[in-house]
Structure formats: C-alpha cells, structure tokens
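Written out below as structure tokens is the structure these notes cover.
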Amino acid sequence: MDAIEFEFTLPRGLVGTDGAVHRQGIMRLATAKDEIAVQRDRRTQESTAYGLLIMLSRVIKQLGSLSTLTPENLENLFSRDLAYLREFFNRINQQGNAHIPAQCPTCSTAFQVELELAGEP
Numbered sequence: 001m002d003a004i005e006f007e008f009t010l011p012r013g014l015v016g017t018d019g020a021v022h023r024q025g026i027m028r029l030a031t032a033k034d035e036i037a038v039q040r041d042r043r044t045q046e047s048t049a050y051g052l053l054i055m056l057s058r059v060i061k062q063l064g065s066l067s068t069l070t071p072e073n074l075e076n077l078f079s080r081d082l083a084y085l086r087e088f089f090n091r092i093n094q095q096g097n098a099h100i101p102a103q104c105p106t107c108s109t110a111f112q113v114e115l116e117l118a119g120e121p
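First residue of the sequence shown: 1, per full-length UniProt numbering; consecutive thereafter.
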C-alpha cells in the first residue's frame, strides 16, 4: 500500500512566535477537495501565488510542535524553505512517493532510497 503521509525536514525552519524553530514535519497527499478549496479562496483569486500557502496549510499535518498551520503562519517561511516545500509537494503528489528504487551493485538486493531534495542536509 502506498504511503499518504511523508516526513520532511526544512533546510532552515519556521520560526514561531515564541522563537522556537520548527523544522521536522509531516505532509499528506493533496486531494481534489484541497484543490477546489484553494481555487475558491478569495486570496488565491487576488494573488495566484498565495494559493501555494493555502494548499500547504491544508496538507502539512504537523511542523515541529505546530499541529495547525495557517497561510498566515506560512507567510513567515524563509524563501529557501518555501521552495523546498513546493518541490516536496510536487514530488510526492506527482510521483506518488519520495523514494526511488535502487539495487546494490554487489549483491543485487533491491531497496528504496529516500529522494533527497535540494536544501536537505
């Protein structure tokens, strides 16, 4: 069975109002309902770029100790982290997972390798 939730680590992290840095997170796959909600939101109609923040706020289940994220929270992301999340979102939703098949050249054992995205340590 394919995974529907994926762990990620932001390159820099979202700085919370208390000064805590939130880097570890969980993102779920987007649904048609998410897509429709983003398109209906007036903020997307005013600025299509804002649609990304709305979508991310819907699909990020957890970021550090934050279990609820709003687009307004995500406005405070560093540009590098926003680019990372955009790429991560696209990879898991368009390719189905963030892992690629690999094979040991010595023993021919097949295994999965986590796809490293730009900016990951």
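Each residue gets a CB set at the ideal place from its N, CA and C atoms; glycine is no exception.
Note that the structure is a prediction, hence the values are computed from the model and not measured.
Comparing C-alpha positions only, which one of the options sits nearest to residue i?
i: Arg23; options: Val113, Tyr84, Pro105 and Cys107; result: Tyr84
i: Arg91; options: Gly51, Ser65, Ala30 and Ile54; result: Ala30
i: Leu52; options: Gln62, Gly16 and Leu77; result: Leu77
i: Ile26; options: Glu46, Glu75, Gln94 and Leu69; result: Leu69
i: residue 130; options: Gln39, Arg40, Glu5 and Ser57; result: Because the chain is modelled from 1 through 121, residue 130 falls outside the range shown and cannot be assessed.
Is residue i near the ligand NAD, judged by its Cβ being under 6 Å from some heavy atom?
i: Asp18; result: Summarising the ligand content, the structure contains no ligands, and the ligand NAD is consequently not present.
Exposed or buried, which one is residue i when buried takes at least 16 other CB atoms within 10 Å?
i: Phe89; result: buried
i: Pro71; result: buried
i: residue 132; result: Shown here, the chain extends from 1 to 121; a query on residue 132 therefore has no answer.
i: Asp81; result: buried
Going straight from the alpha carbon of residue i to that of residue j, what length do you get?
i: Ile54; j: Cys107; result: 46 Å
i: Arg28; j: Thr109; result: 29 Å
i: Asn73; j: Ala3; result: 26 Å
i: Tyr50; j: Ile36; result: 14 Å
i: Arg42; j: Gln103; result: 48 Å
i: Leu14; j: Ser79; result: 11 Å
i: Thr9; j: Asp18; result: 20 Å
i: Leu63; j: Phe6; result: 12 Å
i: Glu60; j: Glu46; result: Per the sequence presented here, residue 60 reads as Ile, with Glu not at that position. Approximately 23 Å, taken between the alpha carbons.
i: Ala32; j: Pro11; result: 29 Å
Would you please state the rounded distance, in angstroms, between the beta carbons of residue i and residue j? I believe it to be under 8 Å.
i: Gln112; j: Pro105; result: With a Cβ gap of about 16 Å, Gln112 and Pro105 do not count as contacting.
i: Ala20; j: Ser67; result: Going by Cβ atoms, the distance from Ala20 to Ser67 rounds to 14 Å, so no, they are not a contact pair.
> Hey, which unbroken runs of the alpha helix (DSSP H) at 4 residues or more fall wholly within the region 24-72?
Replying inline: 32-40, 42-46 and 50-59
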